[in-house]
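Visitor:
In the UniProt record's numbering, the protein residues as written are 1 to 365.
#1: Need the endpoints of the beta strand (DSSP E) that residue 115 sits in, please.
#2: Does residue 227 pass the burial test, meaning 16 or more other C-beta atoms within 10 Å, or should it be called exposed?
#3: What do you get for residue 27, buried or exposed, if any count of 16 or more other CB atoms within 10 angstroms of its CB means buried?
#4: Considering only their Cβ atoms, is the gap separating residue 266 from residue 333 smaller than 7 angstroms?
#5: For residue 124, is the classification buried or exposed, using 16 other Cβ atoms within 10 angstroms of its Cβ as the cut-off for buried?
#6: Below 8 angstroms, can you find three or more Cβ-Cβ pairs linking the stretch 91 to 111 to the stretch 221 to 238?
#7: Given this structure, state the Cα-to-Cα distance separating residue 282 from residue 275, to the nearest angstrom.
#8: Taking only three categories from DSSP, how would you classify residue 200?
#9: Is DSSP giving residue 151 helix, strand or coil here?
#10: Tell me, please, which residues DSSP counts as bridged to residue 263.
#11: Taking all protein chains shown into account, decide if residue 89 is buried (16 or more other Cβ within 10 angstroms of its Cβ) or exposed.
#12: So residue 169 and residue 149 are in contact, right, with Cβ under 8 angstroms, and what is the actual spacing, rounded?
#13: In whole angstroms, give me the CA-to-CA distance for residue 189 and residue 202.
#14: How far does the alpha helix (DSSP H) with residue 352 in it extend, from its first residue to its last?
#15: What's the gap between the Cα of residue 82 and the Cα of residue 185?
#16: Where residue 222 and residue 106 are concerned, what is the direct C-alpha to C-alpha distance, given to the nearest angstrom?
#17: Judging by CA-CA distance, which residue of 76, 213, 14 and 273 is the nearest neighbour of residue 46?
#18: Cα-Cα, which of 260, 290 and 336 is closest to residue 356?
#19: Jot down the residue ranges of each uninterrupted beta strand (DSSP E) in the UniProt domain "AMP-dependent synthetase/ligase" (1 to 160), minimum 3 residues, whole runs only, in chain order.
#20: In terms of alpha-carbon separation, which member of 354, 109 and 349 lies closest to residue 215?
#21: In its own chain, which residues sit with a C-beta less than 8 angstroms from the C-beta of residue 163, not counting the 5 before and 5 after it?
#22: Reducing DSSP to helix, strand and coil, say where residue 309 ends up.
#23: Between residue 302 and residue 291, what straight-line distance do the alpha-carbon atoms span, to the nearest angstrom?
#24: When the Cα of residue 179 is compared with those of 166, 44, 99 and 194, which residue comes out closest?
#25: For residue 325, which three-state DSSP category applies?
#26: Residue 138: buried (16+ other C-beta within 10 angstroms of its C-beta) or exposed?
#27: Under 8 angstroms: do the stretch 48 to 58 and the stretch 308 to 322 share three or more Cβ pairs, one atom per stretch?
#28: In angstroms, rounded to a whole number, what distance separates the CA positions of residue 253 and residue 327?
#29: Should residue 235 be labelled buried (16 or more other beta-carbon atoms within 10 Å of its own) or exposed?
#30: Leaving out five residues on either side along the sequence, give the residues of the same chain with a beta carbon under 8 angstroms from the beta carbon of residue 73.
#31: Go to residue 301, then tell me how far its alpha helix (DSSP H) extends in each direction, as first and last residue.
#32: Mark residue 187 as exposed unless 16 or more other C-beta atoms lie within 10 angstroms of its C-beta, in which case mark it buried.
#33: Starting from residue 188, trace the alpha helix (DSSP H) both ways and give me its first and last residue.
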């Protein structure tokens, strides 16, 4: 596990989990990009690591460098590959499975949060067939339901397999041993955040789709749903449309106030190393690329989802545990650079300064 030890994933799967099960654990600090993009795979080869657990953001960052860095190392010791922290797009899932796992390792896509105390929706290695982008089925004892976001009505009961895909919000109908029971010193906040939105259910704050096989697909945070001219658009949908383009390694989408549409769509995209070199050499036209990316979103979702701003950037602001700090991206898109808030958890604060400059240059055009 290459998470920050201060994050729930870190202390659960670097410290407590392995020790409680009598396992050896390999601890890693610093960046996977130094001295080169093969650092993770060098460690796997040297230490014969069998299980590897990281975030989709890290996977997409490594994808930027192509297949060559991991191909230099023997990763045959790997048996299980895990992903955690956010939904993984199918393109990143396939790269992880085919290039890193050599199409033989189980991908365990784990859905949970600090407040759940452990995995609540996840596949089990060599047991549940995987689908790229789905965290599969609820874990033992977890009664996961799909609710209508507006009415709170159950659209799919726990364990129910429907004839058609069902879209709504994810909720849990019964408690489980690891769930948080309060917020320290503020029980009212706990009730308001997790229990009040849909009385009788624990609400983790995520939208989801349940397919005809009962598999759950996390569509992103409910508060990451944009309302553009009356259309509700999930930021994860737009991000998936962007990273489906071979030139794009990573994307983050946020909303910003728009005087006509209510909310506008701002996309931040990082390119693959190869595409970045072409751009820097003047062999790729950045305006043509923006136009191509806009068309990709229009084609995948619809004209109403056409991005208002697309910022091509070398990097995104990420925490040391590999999560994109979307709050900062929203502030920059909204022109509120003076109120960014706490940035102490950023892995590289200089990324934010670079983004602010790029946004100012973009607005001048």
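Beta carbons are placed, not taken as given, at the ideal position from N, Cα and C, and that holds for glycine.
Guide: Short version:
#1: It is not in any beta strand (DSSP E) - residue 115 carries neither H nor E in the DSSP assignment.
#2: exposed
#3: exposed
#4: yes
#5: exposed
#6: no
#7: 11 angstroms
#8: coil
#9: coil
#10: 257
#11: buried
#12: 5 angstroms
#13: 14 angstroms
#14: 350 to 364
#15: 34 angstroms
#16: 29 angstroms
#17: 76
#18: 336
#19: 51 to 54, 80 to 83, 106 to 109, 144 to 147 and 154 to 156
#20: 109
#21: 212
#22: strand
#23: 15 angstroms
#24: 194
#25: coil
#26: buried
#27: yes
#28: 11 angstroms
#29: buried
#30: 38, 41, 42, 44 and 45
#31: Run containing residue 301: none; DSSP gives neither H nor E here.
#32: exposed
#33: 187 to 190
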